[in-house]
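Participant:
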Amino acid sequence: MIAFTRFVYCPRCGKKAIEVHQKNAMRCTACGYVYFHNTCAAVAGIVETAGGVILTVRAREPMAGTYDLPGGFIDYNESAEDALRREIDEELGIDVAMTSYLGSFPNRYVYRDVVYFTNDIFFVCRPVGESITITGGDEVRHWEVFPAAALPFDKLGFASNRKALDRYRRLRASP
Ligand SMILES: [Zn+2]
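Note that the working numbering has the sequence shown beginning at 3, numbered continuously upward.
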């Protein structure tokens, strides 16, 4: 676990006395504190429009320049549904309504050499309102719409997105 975080000091007492504990934790030999590097919860939306699914191009690391689904980490005291509406509003400037729950897929999110093991929760949703003007936030370089049959799987940055969109494509293709 220390290998995933690069942490050196105990986050409770500050001593340089941490050791690996189980597969996902570190234990301080000075004060006995055990810190679990728990799974982070994140959420993403497969936003359906008349032309297909909206993909964003990431403006920031990790995976800058790759295609992504709009979404992000769930804040403290926030539901997955509220987090998704907030993130899509921040990234695309649109309101969405969730039409179905697609599933959840584990992912690795590497930020400055620290590995976060996430669980990404996926919803299918639709823009609310008749005419949509998508503005794009500062986390998004630009956005594009792809038909479900022509999604750019080889240019998606995150494994969880590939798995979610593969499930989505299969569900849409089945009668
Ligand atoms: Zn300690």
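Glycine is no exception: its CB is placed at the ideal position from the N, C-alpha and C atoms.
(1) Using CA atoms only, rank isn't needed, just tell me which of C127, G95, V130 and F107 is closest to H144.
(2) Does DSSP classify L153 as helix, strand or coil?
(3) Which residues have a Cβ closer than 5 Å to any heavy atom of ligand 2, listed in chain order?
(4) Under the assumption that D122 contacts S81 (Cβ atoms under 8 Å), give the Cβ distance between them as a whole number of angstroms.
(5) Please go through the same chain and pick out, in chain order, the residues whose beta-carbon is closer than 7 Å to the beta-carbon of G47, but skip the five residues on each side of it.
(6) Do you know offhand how far C33's Cα is from K17's?
(7) Once you ignore the five residues that flank A166 on each side, which residues in its own chain have a CB closer than 8 Å to its CB?
(8) Would you mind reading off the limits of the alpha helix (DSSP H) that contains N244?
(9) Between the Cα of L152 and the Cα atoms of R88, R62, V55 and R169, which residue gives the shortest distance?
(10) Near R169, which residues of its chain fall below 7 Å by C-beta distance, leaving aside the five closest residues on each side in sequence?
(11) Please say whether C12 and A5 have beta carbons closer to each other than 8 Å?
(12) Just how far apart, CA to CA, sit R88 and D156?
(13) Give the DSSP-derived three-state secondary structure of F6 in the structure shown.
(14) Tell me whether the beta-carbon of L158 lies closer than 8 Å to the beta-carbon of T68.
(15) So, helix, strand or coil for R70, using DSSP?
(16) Along the alpha helix (DSSP H) that carries R114, what are the first and last residues, could you check?
(17) With 16 other CB atoms within 10 Å as the buried threshold, where does F160 fall?
Facilitator: So, from the data block:
(1) G95
(2) coil
(3) Looking at this structure, you won't find ligand 2 anywhere; what it does contain is ligand 1.
(4) That pair is no contact at about 15 Å.
(5) L71, P72, G73, L86, I90, V98, F125 and C127
(6) Put simply, the backbone Cα of C33 is about 9 Å away from that of K17.
(7) A46, I48, L71, L104, G105, F107, D122 and F124
(8) The first residue shown for the chain is 3 and the last is 177, placing residue 244 beyond what the model contains.
(9) Residue 152 is actually Ala in this sequence, not Leu. Nearest of R88, R62, V55 and R169 to A152, Cα basis: V55.
(10) L104 and G105
(11) no
(12) 28 Å
(13) helix
(14) A contact, by the Cβ cut-off of 8 Å.
(15) For clarity, residue 70 is Asp in the given sequence; the question names Arg instead. Here D70 sits in strand by DSSP.
(16) R114 -> no alpha helix (DSSP H), and no H or E assigned at all.
(17) buried
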